[in-house]
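*Asks:* Here you go, one structure.
Residue numbers (my numbering): 7 to 123.
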């Protein structure tokens with residue numbers, strides 16, 4: 007646990023901002039400076055589109071991870087936000103790949119069916 011030097015609130019070690027007063031607790035790893043200035047993509051639009059047009063169950067998982075990105079950034083959990091962003095992107099790709107796989111199976115069934123008649 008790390009204590010905020012401004013207000014004394016106890017914060018998790020992986021937080022970069024105080025949950026109470028939002029003061030920076032320590033510099034981001036790798037000397038990146040202020041983590042609040044870092045752009046972490048949430049992939050929310052892509053998650054919604056893959057849910058609507060590709061694979062509903064997998065897309066919903068992508069939406070859940072996408073929604074967590076903003077929440078974790080607000081809480082100052084930059085490492086957690088990066089992880090949720092990475093998982094949201096992965097589930098979007100899985101949803102798209104599922105749709106492509108199902109479409110290919112449908113095409114193959116159609117071709118085999120037309121050849122057998």
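Built from N, CA and C at the ideal position, the CB exists for glycine as well.
Only a predicted model underlies this, so the values are computations on that prediction, with no experimental measurement involved.
If you drop the 5 nearest sequence neighbours on each side, which residues of the same chain put their C-beta closer than 8 Å to that of residue 59?
*Replies:* Numbered from its first residue, the chain shown carries residue 59 at position 53. Hits under 8 Å: 105.
*Asks:* Please determine if the segment 51 to 66 and the segment 93 to 102 are in contact, where contact requires at least 3 C-beta pairs separated by less than 8 Å.
*Replies:* A contact exists between the segment 51 to 66 and the segment 93 to 102.
*Asks:* To which residues does DSSP link residue 23 through a beta bridge?
*Replies:* Taking the chain shown and counting its residues from 1, the one referred to as residue 23 is at position 17. Bridge partners of residue 23: 30.
*Asks:* Quick one: residues in its chain with C-beta nearer than 7 Å to the C-beta of residue 116, no 5 flanking neighbours on either side, listed in chain order?
*Replies:* One-based indexing of the chain shown puts residue 116 at position 110. Once the five neighbours on either side are set aside, residue 116 has no close Cβ partner at all.
*Asks:* With DSSP collapsed to three states, give me the class of residue 46.
*Replies:* Here residue 46 refers to the residue found at position 40 when the chain shown is read from its first residue. Looking at residue 46 - three-state DSSP - the assignment turns out to be coil, as it is neither helix nor strand.
*Asks:* How would you label residue 23, buried or exposed, when you count the other beta carbons within 10 angstroms and need 16 or more for buried?
*Replies:* To locate residue 23, count along the chain shown from 1; it is residue 17. Residue 23 should be labelled buried.
*Asks:* Is it right to say residue 48 is buried, meaning 16 or more other beta carbons lie within 10 angstroms of its own, or is it exposed?
*Replies:* The count along the chain shown starts at 1 and reaches residue 48 at position 42. It is buried - the Cβ of residue 48 has at least 16 other Cβ atoms within 10 Å.
*Asks:* Any beta-carbon of chain C closer than 9 Å to the one on residue 102?
*Replies:* The structure shown contains no chain C; it is built from a single protein chain.
*Asks:* State the start and end residues of the unbroken alpha helix (DSSP H) segment that holds residue 80.
*Replies:* Residue mapping note: residue 80 aligns to position 74 of the chain shown, counting from 1. First-last of the alpha helix (DSSP H) with residue 80: 62 to 81.
*Asks:* In the DSSP assignment, the alpha helix (DSSP H) including residue 96 goes from what residue to what residue?
*Replies:* Taking the first residue of the chain shown as 1, we reach residue 96 at position 90. That run of the alpha helix (DSSP H) goes 84 to 122.
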